[in-house]
Amino acid sequence: MVYNYIDFIVNQIRNIFKKPEVLLLTEAFKKLSEEKQELILKVCIEEFAKNGYDHTSTDVLTSKAGISKGILFHYFKSKKNLYLYIVKTITELLVKIMLEEAEKVTSQDFFERIKAMTIIKQKLAILYPKESELIVKTFINPPVKLQKEINEIYIEILSFSQGIYDKYLFSYMKESRLKLGVSKERAIEFSMILLEGYSNKIMLNYKGKEMDLINNTEPIFKELDEYIEIIKYGIYK
């Protein structure tokens, strides 16, 4: 079944964060109302995304969340555990949504699937801006005090993310159509680098104007099609 694969990946993420010295969500926090849990997480995501791990004050977190510092540490034991739980929650959320959307893509064409996956990624960044910002910052430039844990987590995520790309993208590339001298690995690398650059360009151009991107996607899709054509005729016969 479709969702068995999604559940499998989500469980892999959960297992990564449940290793010794990383994090287990306390029973006390799970007993809070869903509304209170969401408020605490929302405040933490916003503050960590804005200020980073080192410069985020637990006094500010507790003040905005409407709880005492003692209660916060009762739930998570430490600022480190809190941060890792936030990273776990966001990673699980974004990956799950991405896979659910990827399952809806019906095209068998490699380039149409790249286009669809690029659009999914853009939508996630728009709909979850703070979450996306925090995840990118965490894995690209992890907090010094958490560098070892974050790097280990990142390596494990990369280890199974290849399978995700193979399932939803790379398995659809027709090797028989590649130009002479162009390997599948190079073709994939070229495609992903170009589209990653395009995604970054869009997010930079529309920073602070995200709703414009949501309300008028036609110019973006047109430009994306042009990028797809460049890739297609760069690697295919």
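Numbered per the UniProt record's numbering, the sequence shown spans residues 1 to 237.
Yeah, the Cβ is synthetic: ideal placement off N, Cα and C, and Gly gets one too.
Model, not experiment: these values are computed from the prediction.
Within the same chain, Cβ atoms closer than 7 Å to the Cβ of T138 are found at V87 and I150, the five residues on either side in sequence being excluded.
L72 carries a helical assignment under DSSP once its states are collapsed to helix, strand and coil. Nearest to K237 by alpha-carbon distance, out of D54, N205 and M173, is M173. Unbroken alpha helix (DSSP H) stretches of 4 residues or longer found wholly inside the region 84 to 169: 110 to 127, 129 to 140 and 147 to 168, given in chain order.
Within its own chain, the residues whose Cβ lies closer than 7 Å to the Cβ of I120, once the five positions on either side in sequence are excluded, are M98, E101 and A102, listed in chain order. F170 and M192 have their alpha carbons spaced roughly 11 Å apart.
For the region 41 to 65, the full-length alpha helix (DSSP H) segments reaching 4 residues or more read 58 to 65 along the chain. Residue range K184 to N205 is occupied by the alpha helix (DSSP H) that includes L194.
Closest in alpha carbon position to N200, among A125, S183 and L146, is A125. Contact between K222 and F111 is absent: CB atoms are separated by about 15 Å, not below the 8 Å threshold. DSSP places L178 outside any alpha helix (DSSP H), giving it a letter other than H or E.
Partner residues in the beta bridge of Y236, as assigned by DSSP, are L178. In terms of CA proximity to V95, I157 leads the group I157, K130, Y206 and H74.
If you ignore the 5 residues before and after V43, its C-beta comes within less than 8 Å of the C-beta of L61, K64 and A65, all in its own chain and listed in chain order. By the C-beta density criterion, L204 is exposed, having fewer than 16 other C-beta atoms within 10 angstroms.
Remark: C-beta atoms of I114 and L195 approach each other more closely than 8 Å.
The Cβ neighbour count for L180, taken over all protein chains shown within 10 Å, is under 16; the residue is labelled exposed.
Taking each of Y83, N11, L93 and G70 in turn and checking the Cα distance to P129, the smallest one comes out for L93. When G197, Q162, I202 and Y206 are compared, the shortest CA-CA separation from E185 is found for Q162.
Note that the C-beta distance between L224 and T118 is below 8 Å. The alpha-carbon separation between S68 and E175 amounts to approximately 59 Å.
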